[in-house]
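My numbering applies: residue 11 is where the sequence shown begins, and numbers increase by one.
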Amino acid sequence: MPEPTPKIFISYAWKNQTIAKRLQSDLQRDGVEVFVDYEKISGGDSLPERISAALEWCNTLVLLWSADSAQSYYVSQEWTSAFHLQKRIIACVLDGAPLPALLAGRLYLNFTPYETGYAQLCRSLGVTPKMSAEKTPPPEAPKSKLPPQHVEMPVPQLPDEKRESPLPKRKSVADAFRRKPKSPEPTSVLKPPEVFDDTNATEMAMPSRWSRRKIVSVIIGIIAISFLIGKIICKEPAPPISTPTKPEKTSPSQTVQHFRDKPATLSVEEVNTMLTKYGFYDALKNKNGKGISHRYKPETIAGGKIVHDEATGLTWQQSGSLNYTSFADAEKYVRDLNAKKLAGYDNWRLPTLEEAMSLIEPKEPDSDLYIDLLFDRKQSWIWTADRYSAGRAWYVYFGNGSCDHFVVDGYVRAVRS
């Protein structure tokens, strides 16, 4: 009886997405059907329903196992579900992390290096790997016909009989318009100077020279006196010395972005509209969203660690519940926080979907979560107070930067405004 055609479900941690994509591409090239969550799940799909359907569809789960996979909640859910459904599980170890006890007795493949591991995987699946097209080297550039180094060639000299006489030198424009020097005029016969007495001439010239100076001085004096008199008569009060005023500080409330704080029942269309309205980033529904420019201020009050966001006016629990809880238990968890007065407050609550989506960062920080590093990493996705239907509530998943509605357990991160 021939072996069934492999139908592969690839289970991986978010940090190993690059290897998962490469493995998907190679398997599809070799004629294998593959399910990978980042490709098959669309914006309106329910994450658990799609993964459950994929596990029912597949006959083999390829588990990319690493230290990150060991910490991933979804990887744990996927391989344990496949185990209970009696699916074939092929563990591909990426970094030497020890396998779980249920898989320790099984044969596994070493994917370091990747090429060796992939060849072993193809043999176990009964697949013949196709050789990837070899890259042809780019054509060599045509060799230049010019000499390798520029050499200044000597100019051949023509014979004397073939040489042309040099052209006459052209006159410049300045030379053309330059006047010829006039011929010296004939020297006139000098006459002896007339002798005269300059005493009277000096006495006659001085009065006229001094009178002009005196007239000018008198005119200037009259103008100056007239100007001073006019200033005295028409004197205006001097403007008061103005002291520079300090710019008024913008009140923080003027730049606070407020969101709905009352629970509601939201459809997928309403959520998509909300994401566009506020520009929230969602890796599946609104990739062009820029998110919120946060102004976080972490504090520890009465032993309670909180993070206040001046951009939204919200105060968040820095961590949250340490275990998964149902939606009903999530509400009970918040009531217990208020009874204990976390950080001195007794008005903690579950966030609305708008408030929880404001935490999403549009770019992945130095971790596997789309949330600021100020927050605890354990709460990879959190409940909101909003519902999709009577049995489903909306949640925000920081592992892939998106939101969805869910029916299983999750974490709690409380908020107050």
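Each residue gets a CB set at the ideal place from its N, CA and C atoms; glycine is no exception.
In this structure Q34 is buried. Its beta-carbon is surrounded by 16 or more other beta-carbon atoms within 10 angstroms. If you compare the alpha carbons of L37, G314, V281 and G41 with that of A353, the shortest gap goes to G314. Using a Cβ-Cβ distance cut-off of 8 angstroms, the region 366-373 and the region 333-347 are not in contact, since fewer than three pairs of beta carbons, one from each stretch, lie closer than that value. Y407: member of the beta strand (DSSP E) spanning R402 to Y407, first to last residue. For P14, the CB contacts under 8 angstroms within the same chain, skipping 5 residues up- and downstream, are N69 in chain order. DSSP, reduced to helix, strand and coil, places C68 outside both helices and strands of the structure shown, so it counts as coil.
Annotated three-state conformation of R39 is helix, per DSSP. Taking 7 angstroms as the cut-off, the Cβ atoms of D396 and P273 count as close. If you compare the alpha carbons of Y398, W393 and Y405 with that of V422, the shortest gap goes to W393. V425 has its alpha-carbon roughly 6 angstroms from the corresponding atom of P361.
In this structure, the alpha-carbon of G289 lies about 34 angstroms from that of F19. Its Cα nearest to that of S399, the residue F337 stands out among W391, D105 and F337.
Three or more Cβ pairs closer than 8 angstroms define a contact, and the region 299-308 meets that threshold against the region 321-328.
Annotation for I311: A353 and G354 place their beta carbon closer than 7 angstroms to its own, counting only its chain and skipping 5 residues before and after. Of the other Cβ atoms in all chains shown, 16 or more fall within 10 Å of the Cβ of E88; this residue is therefore buried. Between C102 and L113, the CB-CB gap reaches or exceeds 7 angstroms. According to the DSSP assignment, Q327 belongs to no alpha helix (DSSP H) but to the beta strand (DSSP E) extending over L324 to Q327. Apart from sequence neighbours up to five positions away, the residues of its chain that approach T322 with a beta-carbon distance below 6 angstroms are Q267 and S368, ordered along the chain.
According to the DSSP secondary-structure assignment, A101 is paired through a beta bridge with L73 and Y118.
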